[in-house]
Each structure stands twice: as structure tokens, then as C-alpha cells.
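Participant: Residue numbers (my numbering): 14 to 104.
The structure follows.
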Amino acid sequence: MPPLRLRLRGDCSDQSDTSGACQRGRVLRSKTGADPMSPNEAQAFAFSLATTLMAAIVIFQAGDGTLSVTPASEYDGSASEIVHEIDPFAP
14 MPPLRLRLRG DCSDQSDTSG ACQRGRVLRS KTGADPMSPN EAQAFAFSLA
64 TTLMAAIVIF QAGDGTLSVT PASEYDGSAS EIVHEIDPFA P
């Protein structure tokens with residue numbers, strides 16, 4: 014009896030495949046990157062990040078149209094791309 018072998022997603026080696034995905038030509042790959050954030054999700058994430066880090070956070074629109082969140086001190090893009098800024102110290 015051959016030893017058991019750990020199979021990873023997208024693993025199409027010559028070893029026997031129990032799922033049949035590789036024989037059908039389908040390569041399973043893990044999803045990379047994050048799903049795009051809605052404006053509500055971006056706002057909630059930015060507020061959570063601002064209160065956790067106690068730092069100003071900017072919500073900006075990336076070149077592909079997606080929203081992203083980063084500390085204001087690390088943002089080096091154009092000011093016109095900033096959608097909103099959250100400052101935990103603002104009254």
C-alpha cells in the first residue's frame with residue numbers, strides 16, 4: 014500500500030487524484046486578494062482601525078475603482094482619491 018500524500022489545491026501531479034478535478038482539466042487555485050469593500054464596509058473597517066490604532070485613517074478609491082483603507086501617515090496617493098478621513102481625536 015503506498016503512503017498517504019497531502020494534496021494541495023491545484024496540485025496536478027502524476028499521483029492518483031481522488032477528486033477527478035485534474036483529470037477534467039480544472040485546476041483549483043486558492044483565491045488571492047480581498048473582495049472589494051462596499052462604502053459601508055470601508056467606513057466600518059476604517060472606524061474600527063482608527064479606534065484600535067488611535068491614528069487617523071483614510072478611505073481612498075484605488076485606480077481600479079475599489080475602496081481601500083490605510084493609516085493617513087502611510088497614504089502617499091493623490092488627495093483627490095481620498096473619499097473620507099477618520100480621525101479618532103477629532104471632536
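No residue lacks a Cβ here, since even glycine has one placed at the ideal position from N, Cα and C.
I'd like to check one pair, Ile72 with Leu80: are the Cβ atoms closer than 8 Å?
Facilitator: Yes.
Participant: Over the uninterrupted beta strand (DSSP E) stretch that includes Glu94, give me the two end residues.
Facilitator: First-last for Glu94: undefined, no H or E at that position.
Participant: Taking a contact to mean a Cβ-Cβ separation below 8 Å, would you say Ala85 touches Ala69 in this structure?
Facilitator: Yes.
Participant: Are the CB atoms of Phe60 and Ile99 within a distance shorter than 8 Å?
Facilitator: Yes; because the gap between Cβ atoms is below 8 Å, this pair is in contact.
Participant: Taking just the CA atoms, how far does Asp48 sit from His97?
Facilitator: Going by the C-alpha atoms only, they are around 20 Å apart.
Participant: Here's a check: name, in chain order, each residue in its chain whose Cβ is nearer than 6 Å to the Cβ of Leu66, leaving out the five neighbours to either side.
Facilitator: Excluding positions up to five away in sequence, the list is empty.
Participant: Report the option in Gly76, Asn53, Thr64 and Ala55 whose CA atom is closest to the CA atom of Phe102.
Facilitator: When only C-alpha atoms are compared, the closest one is Thr64.
Participant: Under DSSP, the beta strand (DSSP E) around Pro84 begins and ends at which residues?
Facilitator: Segment Leu80 to Pro84, the beta strand (DSSP E) holding Pro84.
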